[in-house]
Amino acid sequence: KQEVTQIPAALSVPEGENLVLNCSFTDSAIYNLQWFRQDPGKGLTSLLLIQSSQREQTSGRLNASLDKSSGRSTLYIAASQPGDSATYLCAVKLGGGSNYKLTFGKGTLLTVNP
Amino acid sequence: DTEVTQTPKHLVMGMTNKKSLKCEQHMGHRAMYWYKQKAKKPPELMFVYSYEKLSINESVPSRFSPECPNSSLLNLHLHALQPEDSALYLCASSQGLAGEQYFGPGTRLTVT
Chain A
10 KQEVTQIPAA LSVPEGENLV LNCSFTDSAI YNLQWFRQDP GKGLTSLLLI
60 QSSQREQTSG RLNASLDKSS GRSTLYIAAS QPGDSATYLC AVKLGGGSNY
110 KLTFGKGTLL TVNP
Chain B
190 DTEVTQTPKH LVMGMTNKKS LKCEQHMGHR AMYWYKQKAK KPPELMFVYS
240 YEKLSINESV PSRFSPECPN SSLLNLHLHA LQPEDSALYL CASSQGLAGE
290 QYFGPGTRLT VT
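Keeping their order, the protein sequence lines are chains A and B. Residue numbers for the first sequence follow the numbering used here, so the first one is 10 and each next one is one higher. Residue numbers for the second sequence follow the numbering used here, so the first one is 190 and each next one is one higher.
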């Protein structure tokens with residue numbers, strides 16, 4: 010059974026700092042990995058999708074990497090801003106047949122202080 | 190347009206009521222999903238539809254009944270719910286089962 014772990018569970022940083030969020034998964038036979046952002050009481054916003062054949066993806070100040078063999082992904086946020094404060098969720102998708110199911114980590118609660 | 194819409198935003202219902210949640214997307218996606226999310230927990234998959242056919246049912250109680258009337262719409266019919274069913278219900282869609290998932294804003298359901 011795929012398990013996804015996110016470390017740290019919570020992180021508080023001053024504005025402007027660069028930071029890294031970590032995600033690890035137990036089954037390396039993933040199809041893709043997706044990073045989401047969730048504001049309190051809101052839906053999930055997709056930030057980046059990395060296919061199993063890719064090593065990294067970038068969008069603006071965000072960079073996500075994937076090391077499938079070691080079962081790890083990182084989300085790098087450059088020059089953090091108070092508006093980045095949210096819960097960040099990592100989710101992996103296993104392939105095979107029709108069971109393309111997303112397995113989520115418990116998330117990292119990020120607070121960026123002005 | 191990468192928007193998934195959900196109605197209503199909030200719903201309060203008694204344990205004897207029947208209500209429905211609605212989800213809509215116009216991205217031409219052929220896979221649609223229902224998730225349940227409790228406070229401070231990650232989303233839990235409930236149902237997956239692919240090409241308007243139920244593909245995955247994660248052993249959800251029968252008081253939750255999904256329906257996919259066409260490729261753009263997904264409904265979740267609710268009947269005889271319990272207070273522990275109170276949660277944020279999220280809908281998502283993707284191009285196919287393997288594609289990037291896009292989520293709606295959710296419906297906050299309270300069962301009294």
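Idealized CB from N, CA, C, for every residue including glycine.
Residue i versus residue j - alpha carbon distance
i, j, result
"residue 274 (chain B)", "residue 21 (chain A)", "32 Å"
"residue 66 (chain A)", "residue 265 (chain B)", "35 Å"
"residue 236 (chain B)", "residue 119 (chain A)", "30 Å"
"residue 23 (chain A)", "residue 204 (chain B)", "46 Å"
"residue 80 (chain A)", "residue 198 (chain B)", "37 Å"
"residue 49 (chain A)", "residue 17 (chain A)", "18 Å"
"residue 299 (chain B)", "residue 78 (chain A)", "43 Å"
Host beta strand (DSSP E) of residue i (start-end)
i, result
"residue 198 (chain B)", "Unbroken run through residue 198 (chain B): none, as it is neither H nor E."
"residue 126 (chain A)", "This structure leaves residue 126 (chain A) out entirely; chain A is present only between 10 and 123."
"residue 206 (chain B)", "That residue, residue 206 (chain B), is in no beta strand (DSSP E); it is neither H nor E in DSSP."
"residue 29 (chain A)", "28 to 34"
"residue 258 (chain B)", "253 to 259"
"residue 119 (chain A)", "117 to 122"
"residue 221 (chain B)", "220 to 226"
"residue 232 (chain B)", "Neither: residue 232 (chain B) is in no beta strand (DSSP E) and is coded neither H nor E."
"residue 13 (chain A)", "13 to 16"
"residue 101 (chain A)", "95 to 103"
"residue 270 (chain B)", "Residue 270 (chain B) -> no beta strand (DSSP E), and no H or E assigned at all."
"residue 110 (chain A)", "No beta strand (DSSP E) holds residue 110 (chain A); DSSP gives it neither H nor E."
With 16 other Cβ atoms within 10 Å as the buried cut-off, status of residue i
i, result
"residue 302 (chain B)", "In the structure as shown, chain B begins at 190 and stops at 301. Residue 302 (chain B) is therefore absent and cannot be evaluated."
"residue 46 (chain A)", "buried"
"residue 255 (chain B)", "buried"
"residue 86 (chain A)", "buried"
"residue 259 (chain B)", "exposed"
"residue 246 (chain B)", "exposed"
"residue 225 (chain B)", "buried"
"residue 290 (chain B)", "buried"
"residue 91 (chain A)", "exposed"
"residue 293 (chain B)", "buried"
Nearest residue (CA-CA) to residue i, options the options
i, options, result
"residue 99 (chain A)", "A:74, A:123, A:90 and A:121", "A:74"
"residue 33 (chain A)", "A:110, A:84, A:123 and A:53", "A:84"
"residue 123 (chain A)", "A:26, A:38 and A:53", "A:26"
"residue 272 (chain B)", "B:212, B:206, B:282 and B:195", "B:206"
"residue 285 (chain B)", "B:233, B:250 and B:216", "B:216"
"residue 228 (chain B)", "B:292, B:287 and B:279", "B:279"
"residue 250 (chain B)", "B:299, B:242, B:282 and B:267", "B:267"
"residue 193 (chain B)", "A:28, A:30, A:43 and A:55", "A:55"
"residue 36 (chain A)", "A:71, A:82, A:57 and A:89", "A:82"
"residue 57 (chain A)", "A:88, A:115 and A:43", "A:43"
6 Å Cβ shell around residue i - same chain, five flanking residues per side excluded
i, result
"residue 269 (chain B)", "252"
"residue 112 (chain A)", "11, 13 and 101"
"residue 53 (chain A)", "45 and 47"
"residue 19 (chain A)", "118"
Residue i CB to nearest heavy atom of the ligand NAD below 7 Å
i, result
"residue 250 (chain B)", "Ligands displayed in this structure: none; no statement on the ligand NAD is therefore possible."
Residues near residue i by beta carbon distance below 8 Å, same chain, minus five either side
i, result
"residue 238 (chain B)", "220, 221, 222, 244, 255, 257 and 263"
"residue 94 (chain A)", "119, 120 and 121"
Within chain E, partners of residue i - CB distance below 9 Å
i, result
"residue 43 (chain A)", "Structure shown: chain E not included; protein chains present are A and B."
Beta-carbon proximity list for residue i, same chain, < 7 Å, skipping 5 on both sides
i, result
"residue 40 (chain A)", "61, 102, 103, 104 and 109"
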